Amino acid sequence: MKKIDCLGDVCPIPVIKAKKELHNMKSGESFMIVTDHSCTLESLVELLKKYDVEYNVDEVINGVWEITITKC
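The following block contains the structure:
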């Protein structure tokens, strides 16, 4: 699984990276975005609602989230 490190990146950079990856994915493929900004997390969740994907959000340590995205 591809891992996109967005630690320290502020919006809209992680959202742009996610959009790029979503457009290149095939059905069944997954990737993970790691972020440390809560506003990025909120923006990504809103973006993902527009795509045919499943996603899981896990706060691995306080203030750091891993969002795993799988294209349906």
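Residues in the sequence shown are numbered from 18 upward in steps of one, following our numbering. For glycine and all other residues, C-beta sits at the position ideal for the given N, C-alpha and C. Please read these numbers as outputs of a predicted model, since none were measured by experiment.
For the options K66, W82, V77, I21, the alpha carbon positioned closest to that of E38 is the one of I21. Residue state for E38 is assigned as helix, using DSSP reduced to three classes.
Within the region 28 to 84, the complete alpha helix (DSSP H) segments of 4 residues or longer fall at 30 to 41, 55 to 65, listed in chain order. One alpha carbon belongs to V74, the other to W82, and they sit about 7 Å apart. In the three-state DSSP reduction, D22 falls in the strand class (E or B).
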